[in-house]
Every structure is written in structure tokens, then in C-alpha cells.
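The structure appears below as C-alpha cells.
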Amino acid sequence: MKMYKNFNKTDIEALSEKQRELKYNINASYLQDENGDDWYDLQKTFQPDTFKVMFDEKNTVVSIARDASTLFPLNCNIVELDSLPEGAENNGEWIFDGHQVVRGTYTEAERTRQAAREKEKWMDRASKAIGPLAAEFITDFVK
């Protein structure tokens, strides 16, 4: 299991000449972990058939990918795992416990926030589905 922690933006002074040129020309961003290792270099150390799990300072899973290049772990950590539990995803309900990804246990306030987010998601879906029908109904009603 590989784990890299506490990614932050690399100080401009620590960038190579080529990296500085890319930063200024195409606004490239560079991250380094707590040991000063460059994120782009670390991506090469991962195996292609594993899960790369990005988690925050509270150990909440933020993202899961097989391709490390799809992740940008600013203010996060990355761990490489061979497998994940069934249903694991980055919906705020899963945490990295130091060894594996597990479903988190939450306080009542956290469960209330999660339920509010879930309600908002479903309300948004319903509004998108009902909106065109309501507009058509109103148009027909006014005629």
C-alpha cells in the first residue's frame, strides 16, 4: 500500500526552469506531498490495476480512480489499494481508516447534513424533469 500525504501547491522557488515556464505559459499547477515529492512524478509509482483513493484531512473519501492522472490532490492525501468494498464511492459516506476504505459512522448532525444534500439532489432532478411539463401545462392552460 502506497500512501502520500498532505499535498500542497509547490512553491515557485522549488520549481525547475521548465516547470516555471509551463506555469507561466499554460498556467500549470504543481503539487508536492509532505516529503516534497512532486505529484506528477509520484503518479508513475502507482500500479495500473489498483484503486487510487483521494481522502481529505478528516479521512473522508473525496475521489476514487484507477488512473492517478485524473486526480489533483490539493489539500488531500492519496492511498493505493488493491480492492474496495462493494458500493464504495465518493459521496461523503466512506472514509479511509488508515488501512482500508470503510463506511463511516456519523453523528446525528452529520446524518442530517447528508440527508439535506440527498434531498437537494433529488429536488434538483425532480425540478429538471417537471419543469418542461409544467411550462407546457401553463402554456396550454393560458390558451
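First residue of the sequence shown: -14, per my numbering; consecutive thereafter.
Even for Gly, the Cβ is constructed at its ideal location relative to N, Cα and C.
Here the structure is a predicted model, which is why all the values come from computation and not from measurement.
Assigned secondary structure, residue i (DSSP; H/G/I helix, E/B strand, else coil)
{"i": "K(-6)", "result": "strand"}
{"i": "N62", "result": "strand"}
{"i": "F122", "result": "helix"}
{"i": "M(-14)", "result": "coil"}
{"i": "D109", "result": "helix"}
{"i": "D26", "result": "helix"}
{"i": "Q99", "result": "helix"}
{"i": "Q4", "result": "helix"}
{"i": "P117", "result": "helix"}
{"i": "E93", "result": "helix"}
{"i": "T55", "result": "helix"}
Residue from the options with nearest C-alpha to residue i
{"i": "F31", "options": "R102, L59, I63", "result": "I63"}
{"i": "L16", "options": "A(-1), D52, Q4, T(-5)", "result": "T(-5)"}
{"i": "C61", "options": "M39, A111, R88, I(-3)", "result": "M39"}
{"i": "F36", "options": "E74, Y25, N10, W24", "result": "E74"}
{"i": "G21", "options": "A(-1), D41, K3, S14", "result": "A(-1)"}
{"i": "K43", "options": "D26, K3, G89", "result": "G89"}
{"i": "G83", "options": "K3, A119, D41, E2", "result": "D41"}
Sub-8 Å separation of residue i and residue j beta-carbons
{"i": "L69", "j": "M(-14)", "result": "no"}
{"i": "L56", "j": "A50", "result": "yes"}
{"i": "D34", "j": "K(-10)", "result": "no"}
{"i": "I(-3)", "j": "R5", "result": "yes"}
Identity of the residues DSSP links to residue i by a beta bridge
{"i": "F40", "result": "V46, N62"}
{"i": "N88", "result": "In the sequence on display, residue 88 carries Arg and not Asn. Partner(s): W79."}
{"i": "L69", "result": "Paired residues: none, contrary to the question."}
{"i": "L16", "result": "K(-6)"}
Distance between beta carbons of residue j and residue i, contact taken as under 8 Å
{"i": "F81", "j": "V46", "result": "6 Å"}
{"i": "Q28", "j": "S54", "result": "6 Å"}
{"i": "Q99", "j": "G72", "result": "Contact doesn't hold; Cβ gap of about 15 Å is too wide."}
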